[in-house]
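Numbered by this note's numbering, the letters in the sequence shown go through residues 132 to 293 in order.
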Amino acid sequence: MSSKKKNLSEYDLENVPGAENMKMGIVVSEWHPEVTGALLEGAVSTLKKHGCSDDNIIIRWVPGSFELTLAAKFFADHTFVDAVIVLCCVIQGETRHFNYICQSIIQGITQLNLKYGMPFTFGVLTTDTLQQAIDRSGGKYGNKGIETAIAAIKMVALQNSF
């Protein structure tokens, strides 16, 4: 959570490479669709703003957050994408389920980055309340989907620089 209480999605356009020749996979959780839909909209609009064409953006939905890692792996195994953007929202409940799911996603995405040597970017909101999630999916703190798309573009450009 930002301690400065500002829009974290504001960025300098000149510091983001072009994405004209990049192909991106996006995997999105169906849970909290008002949030994940906004994250997806932010990611897609950012990719397009930087030159990625509609034909080079592949979107897949999964039933829940736990399924994100496997779906991201499917992208790496069965498509020719340059990066995979992972989007979801996990809101703290009354049980430890939140901790297990969040830890699973973090470990899974980290392992995929290392195993495949390609960018899997982390657009996962882990909030205490629905309002906090809304604030970070197009609300007063920006849109994590935008930030995650920028990270994907920058990481693909970095990988291509070697």
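Virtual Cβ for every residue (Gly too), placed ideally from N, Cα, C.
Note that the structure is a prediction, hence the values are computed from the model and not measured.
Taking the continuous beta strand (DSSP E) assigned at residue i, which residues delimit it?
{"i": "Gly-156", "result": "155-160"}
{"i": "Phe-251", "result": "251-258"}
{"i": "Ser-268", "result": "268-270"}
{"i": "Ala-150", "result": "Note, Ala-150: premise wrong, no beta strand (DSSP E); not H, not E."}
Let me know if residue i comes out buried or exposed under the rule of 16 or more other beta-carbons within 10 Å of its beta-carbon.
{"i": "Thr-200", "result": "buried"}
{"i": "Ser-196", "result": "buried"}
{"i": "Gly-248", "result": "exposed"}
{"i": "Glu-141", "result": "exposed"}
{"i": "Glu-225", "result": "exposed"}
{"i": "Glu-278", "result": "buried"}
{"i": "Leu-289", "result": "exposed"}
{"i": "Gly-156", "result": "buried"}
Take residue i and list the residues in its own chain whose beta-carbon comes closer than 8 Å to its own, dropping the five residues that flank it on each side.
{"i": "Thr-167", "result": "Val-159, Ser-160, Glu-161, Leu-218, Cys-219, Cys-220, Ser-268"}
How is the alpha helix (DSSP H) around residue i delimited, first residue to last?
{"i": "Ala-199", "result": "Rather than Ala, the amino acid found at residue 199 in this sequence is Leu. Looking at the DSSP string, the run of the alpha helix (DSSP H) that includes Leu-199 is 199-209."}
{"i": "Asn-138", "result": "Asn-138 -> no alpha helix (DSSP H), and no H or E assigned at all."}
{"i": "Ser-358", "result": "Nothing can be reported for residue 358: it is not among the residues displayed for the chain, which extend from 132 to 293."}
{"i": "Asn-187", "result": "Run containing Asn-187: none; DSSP gives neither H nor E here."}
{"i": "Tyr-247", "result": "228-247"}
In this structure, does DSSP put residue i in helix, strand or coil?
{"i": "Cys-219", "result": "strand"}
{"i": "Asn-274", "result": "strand"}
{"i": "Val-193", "result": "strand"}
Residues in its own chain within less than 7 Å of residue i by CB, not counting five upstream and five downstream?
{"i": "Ala-264", "result": "His-163, Val-166, Cys-220, Ile-222, Leu-256, Thr-258"}
{"i": "Val-147", "result": "His-181, Ile-281, Ile-284, Lys-285"}
{"i": "Met-132", "result": "Confidence at Met-132 is low in this model, with a pLDDT of 42, below 50, so the placement of that residue should be treated as unreliable; the coordinate-derived value is given next. So no residue of the chain qualifies."}
Keeping to the same chain, check which residues put their C-beta closer than 6 Å to that of residue i; ignore five residues upstream and five downstream.
{"i": "Gly-239", "result": "Thr-200"}
{"i": "Ala-169", "result": "Ser-268, Gly-269"}
Cβ contact (3+ pairs, closer than 8 Å) linking the stretch 275-291 and the stretch 208-218: yes
The stretch 259-276 contacting the stretch 240-249, beta-carbon criterion three pairs below 8 Å: no
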